[in-house]
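Peer 1: Quick one: this structure, given as structure tokens, is what I'll be asking you about.
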Amino acid sequence: MKKLKIIIIGIIIWTIGVSIYLLSFQFPILKNTELQANILLSLGILPVVWFGTKVYYRKKSTTKGYWLGLVFFLIATTLDALITVPFLVAPYGGTHYSFFTATGFWIIGLEFIATTTAFWFIKVQGRNNAVKY
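Take a look at the structure:
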């Protein structure tokens, strides 16, 4: 596992995710803008994680997709605890407890893990199991 590469990709994924979340407030479509932001983030993070996983596996790696997704999610969780909650959630009355116990947070975490695992099974494992003539 290339630790520095995973950390850099994880930070980029988190940055794009926070950007998607914040930008969604600029275009209110639903009355509940927080729900809108969560929906957009849940949908928008899938291709971002897929692309980050693709970048990681560009060079041969033996890291299984599940572990890569778990590390990406842990990086995002750490950055959320250090940056997102204190600067974006707490000023509006939120707490670390309310942020980390929200259902949307855990759904997005499952998306991280499921996306990297799916990529690994489809692209990496499939490539390794391809019949060679």
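Numbering (this note's numbering), first residue to last: 1 to 133.
Virtual Cβ for every residue (Gly too), placed ideally from N, Cα, C.
1. With distances taken from CA atoms, which of Lys31, Lys54 and Thr78 is nearest Ala118?
2. Can you name, in chain order, every residue of its own chain whose Cβ lies under 6 angstroms from the Cβ of Leu79, other than the five neighbours on each side?
3. The alpha helix (DSSP H) spanning Leu22 covers which residue range?
4. Do Ile122 and Tyr56 have their C-beta atoms closer together than 8 angstroms?
5. Closest to Ser19 by CA distance: which of Leu88, Thr101 and Gly93 is it?
6. For Trp50, verify whether its CB is less than 7 angstroms away from any heavy atom of the ligand MG.
7. Would you call the CB atoms of Ser180 and Ile113 closer than 8 angstroms?
Peer 2: Concretely, from the data shown:
1. Reading the sequence shown from its first residue, position 118 is the one you call residue 118. The candidate whose alpha carbon is nearest that of Ala118 is Lys54.
2. For the purposes of this step, residue 79 is taken as the residue at position 79 of the sequence shown. Result list for Leu79: Trp14, in chain order.
3. As a working mapping, residue 22 is identified with position 22 in the sequence shown. Start and end: Lys3 to Ser24.
4. Counting from one through the sequence shown, the residue named residue 122 turns up at place 122. Counting from one through the sequence shown, the residue named residue 56 turns up at place 56. No.
5. Counting from one through the sequence shown, the residue named residue 19 turns up at place 19. Out of Leu88, Thr101 and Gly93, Leu88 has the C-alpha closest to the C-alpha of Ser19.
6. Judged by which ligands are present, the structure shown has none, so any question about the ligand MG falls away.
7. Here the chain has residues from 1 to 133 only, and residue 180 is not among them.
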